[in-house]
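Below is one structure; the comments refer to it alone.
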Amino acid sequence: GMIAGGTGITPMIQAIHAAIGEDQSNEDNSGTSPPKVSLLFGSRTFDDILGKEMLDAWLQSHGDRLSVTHVLSNEAEDSI
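Be aware that the sequence shown starts at 34, since it is given in this note's numbering, and climbs by one per residue.
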């Protein structure tokens, strides 16, 4: 699992990309399954979520291997 906040997402994006890969199949040449990645990502507000479009795209294409949980510290409860 990974925990990131704010701009700390940058190295995590690199690590996630390496783990899930853009063109990786469900099994590599060694016969092992690719890793599953969980990310807990803290931001102040919904609009402050860095890389949201990329994370959403990865969730669409690799949802079986990637989970992302957003924690918003200054978002009004009724805004989302």
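Glycine is no exception: its CB is placed at the ideal position from the N, C-alpha and C atoms.
> Within 10 angstroms of its Cβ, does V104 collect 16 or more other Cβ (buried), or is it exposed?
Replying inline: Counting Cβ neighbours within 10 Å, V104 comes out exposed, since fewer than 16 surround it.
>> Quick check on F74: buried or exposed, where buried means 16 or more other Cβ atoms within 10 Å of its Cβ?
In response: Counting every other CB atom within 10 Å of its CB across the protein chains shown gives F74 a total of 16 or more, marking it as buried.
> Beta-carbon separation of I36 and L83 under 8 Å?
Replying inline: Note that the C-beta distance between I36 and L83 is not below 8 Å.
> What are the boundary residues of the beta strand (DSSP E) that includes T102?
Replying inline: Boundaries of the beta strand (DSSP E) harbouring T102: L99 to L105, taken from the DSSP string.
> Counting only runs that start and end within the region 39-89, where is the beta strand (DSSP E) found for 3 or more residues in a row?
Replying inline: Positions of the beta strand (DSSP E) runs, each at least 3 residues long and wholly inside the region 39-89, are given as 70-76 in order along the chain.
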